[in-house]
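Numbering (the UniProt record's numbering), first residue to last: 1 to 367.
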């Protein structure tokens, strides 16, 4: 049984309409013209609401629960424990996991090669929780580093392992090695690899969530909303029959619109972003407008995109919070489930975003 302050709710949405058996989408989605949005008056963008009788809190903010995240991710006529936010439906139904509380020592990572490009092996670290038999949801983690540095060893969400969630932390080609869209091609290849082997590691291939921070947050959002954009699918890796589609997106302080990011940046932010974007795009975004648009998550949002959770500090000197507001606006225009969690006083990264208490509270809501 579910414990705590949650209600049991009957979910009547069609599973087939929301999470189908993964297939490679072949239809071409034209890249639309970006319509930048202003900063909304509310600091929290709530998901599309089908109200229930229970209420809870996420990171200390109480509000009426929205059923939409669960409706999007779960099946027809299923009874489900749920609360606001993507991690809630991720762990929905994982009674065997939630009953354990702590799962002891952190499992060792399995380093796996998911593809080879020009003789260079692309690797990921896979963390599988011990002690449970139910299929595990998977979080595909994308590290940050201004697209030009960083490593899969940096996984600030590891405390979620004790809640029964598997984590795959992915290395991808960095911008000094390869320009955009190589990074997206690599991450999508990793997702196809993991989905192809899901049964080998007891992963639930209908609950793949992509998450990342900073540059990784940008790439996570872009991968999440571009499942039918051929230019971003790429030819990296094997298992072309598997899908690179994900069922949810979590982005920590990532970019969403490379056409507006510099205009929104502080002088400090410009000192960081201009060199990083020059490496990523091969020049200033104004010199490569089509590539900048292709690299912008806001340009690819369509009505079939998965739930989105954004976490951003209101004092971020490197990545303006307006970037998250723009992506919220794109989701809201299509009435898609989205939540923006503003970390007051938060800058760009740091332990404030990834405390055990913060992540545990999210998972505790479905215990």
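Think of the CB as a built atom: it goes at the ideal place given N, C-alpha and C, for glycine as much as any other residue.
Closer than 8 Å by C-beta to residue 114: which residues in its own chain qualify, once you throw out the five before and the five after it? Chain order, please.
What you label residue 114 is simply residue 114 of the chain shown in a count that begins at 1. These residues qualify, in order along the chain: 122, 123, 124, 170, 189, 190, 193, 194 and 237.
Return yes when the Cβ of residue 348 is within less than 8 Å of the Cβ of residue 225, no when it is not.
Looking up residue 225 in the chain shown gives position 225. Looking up residue 348 in the chain shown gives position 348. It is not a contact, given that the beta carbons lie outside the stated cut-off.
Based on the DSSP output, what are the partners of residue 125 in its beta bridges?
Working through the chain shown from its first residue, we reach residue 125 at position 125. Partner(s): 111 and 169.
Leaving out five residues on either side along the sequence, give the residues of the same chain with a beta carbon under 6 Å from the beta carbon of residue 298.
By 1-based counting over the chain shown, the position of residue 298 is 298. Contacts found: 34, 256, 257, 326, 327 and 330.
Looking only at its own chain, which residues have a Cβ that is under 6 Å from the Cβ of residue 334, when we skip the five neighbours before and after it?
In the chain shown, the residue the question calls residue 334 occupies position 334. The residues are 303.
For residue 262 and residue 320, I'd like the C-alpha separation in whole angstroms.
Counted from its first residue, the chain shown places residue 262 at position 262. Counted from its first residue, the chain shown places residue 320 at position 320. Cα to Cα, the separation comes out at about 9 Å.
Beta-carbon contacts of residue 39 that lie in its chain and below 7 Å, excluding the five residues immediately before and after:
Indexing the chain shown from 1 puts residue 39 at position 39. Confidence at residue 39 is low in this model, with a pLDDT of 38, below 50, so its placement is unreliable and the value that follows should be read with caution. Taken in chain order, the residues that qualify are 322 and 325.
Which complete beta strand (DSSP E) runs does the stretch 308-361 hold, if anything under 3 residues is left out?
308-313 and 338-343
Return helix, strand or coil for residue 203, following the three-state DSSP convention.
As a position in the chain shown, residue 203 is number 203, starting the count at 1. Correct three-state label for residue 203: strand.
If you drop the 5 nearest sequence neighbours on each side, which residues of the same chain put their C-beta closer than 7 Å to that of residue 271?
Taking the first residue of the chain shown as 1, we reach residue 271 at position 271. There are no such residues.
For residue 143 and residue 180, the rounded distance between their alpha carbons
By one-based count along the chain shown, residue 180 stands at place 180. By one-based count along the chain shown, residue 143 stands at place 143. Distance between the alpha carbons of residue 180 and residue 143: 16 Å.
Might you give, ordered along the chain, the residues of its own chain that have their beta carbon closer than 8 Å to the beta carbon of residue 357, omitting 5 neighbours on each side?
One-based indexing of the chain shown puts residue 357 at position 357. Taken in chain order, the list of residues that qualify is empty.
Assuming residue 249 contacts residue 295 under a Cβ cut-off of 8 Å, what Cβ separation, rounded to an integer in Å, is found between them?
Taking the chain shown and counting its residues from 1, the one referred to as residue 249 is at position 249. Taking the chain shown and counting its residues from 1, the one referred to as residue 295 is at position 295. Not quite, the Cβ-Cβ distance comes to about 16 Å (not below 8 Å), so this is no contact.
Mind checking who residue 120 pairs with in its DSSP beta bridge?
Here residue 120 refers to the residue found at position 120 when the chain shown is read from its first residue. Answer by DSSP bridge pairing, in chain order: 117.
Return helix, strand or coil for residue 138, following the three-state DSSP convention.
As a working mapping, residue 138 is identified with position 138 in the chain shown. Correct three-state label for residue 138: strand.
CB residue 184 to CB residue 208, shorter than 8 Å?
Along the chain shown, one-based indexing puts residue 184 at 184. Along the chain shown, one-based indexing puts residue 208 at 208. Result no, Cβ atoms of residue 184 and residue 208 do not sit closer than 8 Å.
Where residue 37 sits in the DSSP three-state scheme:
Residue numbering aside, residue 37 sits at position 37 when the chain shown is read from its first letter. With a pLDDT of only 40 at residue 37, under 50, the local geometry of the prediction cannot be trusted, and the value read off the model is given with reservation. In the structure shown, residue 37 sits in coil (DSSP, three-state: anything other than H, G, I, E or B).
Which partner residues does residue 282 have in the DSSP bridge list?
Looking up residue 282 in the chain shown gives position 282. According to DSSP, which records beta bridges pairwise, residue 282 is partnered with nothing at all.
Could you tell me if residue 287 is buried or exposed, where buried requires 16 or more neighbouring beta carbons within 10 angstroms of its beta carbon?
Here residue 287 refers to the residue found at position 287 when the chain shown is read from its first residue. Answer is exposed; the Cβ neighbour count stays below 16.
In chain order, what residues of the same chain lie with their CB nearer than 7 Å to the CB of residue 292, ignoring the 5 residues before and after it?
Here residue 292 refers to the residue found at position 292 when the chain shown is read from its first residue. Correct list, in chain order: 258, 259, 281 and 285.
Run through DSSP, which three-state label would residue 217 get?
In the chain shown, the residue the question calls residue 217 occupies position 217. Residue state, collapsed to three classes: helix.
Check whether the Cβ atoms of residue 187 and residue 165 lie closer than 8 Å to each other.
Here residue 187 corresponds to residue number 187 of the chain shown, with the count starting at 1. Here residue 165 corresponds to residue number 165 of the chain shown, with the count starting at 1. Not a contact, by the Cβ cut-off of 8 Å.
So, with DSSP's three-state summary, where would you put residue 248?
Translated into positions along the chain shown, residue 248 becomes position 248. It is a strand residue.
Would you tell me roughly how many angstroms separate the C-alpha atoms of residue 343 and residue 153, rounded to the nearest one?
Taking the chain shown and counting its residues from 1, one reaches residue 343 at position 343. Taking the chain shown and counting its residues from 1, one reaches residue 153 at position 153. So the alpha carbons of these two residues sit roughly 25 Å apart.
Determine the contact status of residue 141 and residue 175, defining contact as a CB-CB distance below 8 Å.
Against the chain shown, residue 141 aligns to sequence position 141. Against the chain shown, residue 175 aligns to sequence position 175. Not closer than 8 Å, so no.
Output the boundary residues of the alpha helix (DSSP H) element that contains residue 157.
As a working mapping, residue 157 is identified with position 157 in the chain shown. Where residue 157 is concerned, there is no enclosing alpha helix (DSSP H), given that its DSSP letter is neither H nor E.
Could you check the C-alpha separation between residue 216 and residue 145 for me, to the nearest Å?
Sequence index remark: in the chain shown, residue 216 carries index 216 (1-based). Sequence index remark: in the chain shown, residue 145 carries index 145 (1-based). Computed Cα separation, rounded: 8 Å.
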